[in-house]
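**Q**
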Amino acid sequence: MTFRSSGGGLRAYALLWAGQGVGALGLGLTAFAQGLWLWEQTHSVTATSLVSLATTLPAFVVAPWVGALVDRWQSRLQLVLALGDAARLLLALLTLTLLHAGTLSPALLYALLAVEAVFTAFHWPAASAAARALLRPDEYTRGSGVQMLALSASTVLAAPLAAALYPRAGLSGIVMVDVLGSVLALTSVLCLRLPTPTVSTASGPLWGSVWSSLRRALRFITGHRPLLTLQLVLSGGYFVQAAYAALLTPLVLSHAGGGSHLAVVSAVGGGAALLGGALLSVWRGWSRHTPVFVGGWTLVFLGVLGTGLSAHPAVWAAGAAMVALGIAAFGTANQAIWLRQTPVDIQGTVFALRRMLGMAAMPVAAALAGPVVDGLLAPRVNLPVLGAGPVGAIRLVLVVLGVLGLVTLALVVRSGRLRGAEGHPAQPAPARPADLPRRA
């Protein structure tokens with residue numbers, strides 16, 4: 000399947016992500032405020048942490064099915080893109096109604112978040128398909144930079160804005176802001192002119208087509224060794240990144256004046272993420288993206304290693320900047336490679352499976368980091384360079400993760416397993432007779 004041009008391009012993609020960035024900001028504000036509201040209602044760490052489970056587990060479970068449906072509905076891609084924004088708008092209005100009626104409870108909030116996660120799961124594969132539809136191959140890097148800039152800006156601004164607004168407006172006031180953000184995000188989608196695919200994939204029974212897309216996507220990923228290696232490196236790197244993110248806050252807070260230092264470290268990391276997104280949004284791109292992918296992960300692992308080796312907040316801030324810039328580099332390079340290589344007719348399923356594999360590593364790392372530091376290492380660690388107790392344990396974990404990441408990346412590059420990741424243009428994925436949907 001190919002797309003028939005109808006006036007898309009980088010400008011249309013930038014306008015789309017301007018609206019989506021505002022929507023993401025509203026979502027981030029609400030997520031922060033929901034945590035504060037839950038703490039006020041329950042004073043329970045478990046109740047507050049269940050927000051993360053309610054928002055990630057449903058998205059993880061439905062990811063491959065959602066991707067297959069996006070592939071089937073390529074001719075209605077604009078409708079699929081609007082689905083997540085419209086659902087979030089309706090759920091925000093329902094949350095407001097429950098708040099004003101005084102009937103919102105933690106259990107109801109978890110249920111609303113789970114439903115929202117299912118609908119917003121459509122967004123990632125649909126947005127990736129929109130990039131393929133709107134952008135030329137030489138614009139993929141800049142398009143990924145625009146997307147990263149919008150998401151980074153919303154991430155950097157959400158927490159401080161929510162912290163300032165919540166004491167004055169409460170959860171209901173912040174949800175109202177989310178409603179406005181959802182309206183703008185939905186408007187950016189409805190005003191879009193997406194190219195029309197010249198071939199429709201929507202034929203045959205629904206679930207037969209979905210299963211066919213899943214089987215073909217799995218064969219594509221596992222049968223393309225360089226791309227499979229790329230995904231495995233990404234999943235392992237996400238494990239390191241998630242552990243680093245979980246341990247950075249307690250490490251900085253353990254230092255005298257930790258609160259102010261944490262604000263500086265977070266601001267430097269957020270500023271670097273914004274800078275990376277801004278630079279990539281105007282950069283013309285590279286002839287090859289695999290070296291940029293490797294360089295980005297090298298920067299991340301060096302930032303993690305440097306943070307573990309030092310006891311100075313200035314070095315921690317520099318490490319946060321390196322990690323943020325590395326994420327911008329490998330993220331855009333990885334997206335460009337997969338956009339070029341993935342056949343359009345299974346792109347939604349492939350991208351959803353990629354997201355699921357990446358997501359799987361992150362909660363595992365976040366869940367293991369605390370117990371490993373507190374229960375296993377803190378009572379035993381007393382090293383001259385790294386220190387003793389929880390701080391020494393955190394620094395030891397970061398050093399080990401940074402070294403393991405660098406060594407593993409070097410071995411992968413040396414083995415040549417990444418060669419050919421950009422060597423073949425995307426062709427329609429072959430469908431075996433068993434994969435073809437049966438007619439009723």
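For the record, in the sequence shown the residue sitting at position 17 is 16 according to numbering that gives the first Met the number 0, with numbers rising by one throughout. Glycine included, C-beta positions come from ideal geometry on N, C-alpha and C.
In whole angstroms, what is the alpha-carbon distance linking Tyr165 and Ala106?
**A** Distance between the alpha carbons of Tyr165 and Ala106 is about 21 Å.
**Q** Report the rounded CA-to-CA distance for Asn381 versus Leu408, giving the unit in angstroms.
**A** If you take the alpha carbons of Asn381 and Leu408, they lie about 29 Å apart.
**Q** Taking Cβ to Cβ, would you say Asp70 is nearer than 7 Å to Gly294?
**A** Not in contact: Asp70 and Gly294 (Cβ atoms no closer than 7 Å).
**Q** Return the chain-ordered list of same chain residues with a C-beta closer than 6 Å to the C-beta of Ala271, the five sequence neighbours on each side being excluded.
**A** Excluding sequence neighbours, Ala271 sits near Ala320, Ala323 and Leu324.
**Q** Are Arg300 and Gly401 closer than 7 Å when you measure CB to CB?
**A** The sequence shown places Phe at residue 300, rather than the Arg named in the question. Yes. Within cutoff.
**Q** Does DSSP classify Leu367 as helix, strand or coil?
**A** In the structure shown, Leu367 sits in a helix (DSSP, three-state: H, G or I).
**Q** Within 10 angstroms of the Cβ of Gly83, are there 16 or more other Cβ atoms? Answer buried if so, exposed if not.
**A** Under this definition Gly83 is a buried residue.
**Q** Going by C-alpha to C-alpha distance, which of Val412, Leu227, Glu421 and Arg131 sits closest to Leu76?
**A** Comparing Cα positions, the closest option is Arg131.
**Q** Closer than 6 Å by C-beta to Ala241: which residues in its own chain qualify, once you throw out the five before and the five after it? Chain order, please.
**A** Contacts found: Met361, Ala364 and Ala365.
**Q** For Leu121, which residues in the same chain have their Cβ closer than 6 Å to its Cβ, ignoring the five residues on either side in sequence?
**A** Correcting the residue identity first, residue 121 is Phe in this sequence and not Leu. Cβ neighbours of Phe121 beyond the five flanking positions: Val65, Val79, Leu82 and Gly83.
**Q** By DSSP, does Gly8 sit in helix, in strand, or in coil?
**A** Coil.
**Q** Mind the definition here: the segment 18 to 31 touches the segment 170 to 179 only if three or more C-beta pairs lie below 8 Å; say whether that holds.
**A** The segment 18 to 31 is in contact with the segment 170 to 179.
**Q** Just curious, the alpha helix (DSSP H) that Trp123 is in, first and last residue?
**A** Note, Trp123: alpha helix (DSSP H), His122 to Leu133.
**Q** For His99, report the span of its alpha helix (DSSP H) as first-last.
**A** Per DSSP, His99 belongs to the alpha helix (DSSP H) from Leu76 to Ala100.
**Q** Nearest-angstrom Cα distance between Leu68 and Pro312?
**A** C-alpha separation (whole angstroms): 47 Å.
**Q** Report, in whole angstroms, the separation of the C-beta atoms of Glu115 and Ala86, which I expect to be a contact under 8 Å.
**A** Right, the Cβ-Cβ distance comes to about 6 Å (below 8 Å), so this counts as a contact.
**Q** Taking the alpha carbon of Phe59 as the point to measure from, which residue in Glu138, Ile173 and Leu352 has its own alpha carbon closest?
**A** Nearest C-alpha to Phe59: Leu352.
**Q** Could you give the C-beta distance for Ile220 and Leu28, rounded to a whole number, given that I count them as a contact under 8 Å?
**A** Not really, about 36 Å apart at Cβ, beyond 8 Å.
**Q** Using only alpha-carbon positions, find the residue among Val390, Ala17, Gln334 and Gly404 that is nearest to Cys190.
**A** Among Val390, Ala17, Gln334 and Gly404, the Cα nearest to that of Cys190 is on Ala17.
**Q** My guess is that Ala158 and Phe31 are in contact by the Cβ rule of under 8 Å, so how many angstroms apart are they, rounded?
**A** Correct: roughly 6 Å between the Cβ atoms.
**Q** When you compare each of Ser151, Leu88 and Val239 to Gly357 by their alpha carbons, which one comes out closest?
**A** Answer by Cα proximity: Val239.
**Q** Residues in its own chain within less than 7 Å of Ser181 by CB, not counting five upstream and five downstream?
**A** So the qualifying residues of the chain are Gly22, Gly25, Asp84, Arg87, Leu88 and Ala91.
**Q** Judging by CA-CA distance, which residue of Pro290, Glu39, Gln40 and Gln33 is the nearest neighbour of Leu53?
**A** Residue 53 is actually Ala in this sequence, not Leu. When each option's Cα is compared against that of Ala53, the closest is Gln33.
**Q** Grouping DSSP H, G and I as helix and E and B as strand, with all else coil, what is Ala377?
**A** Of the three classes helix, strand and coil, the one that applies to Ala377 here is coil, per DSSP.
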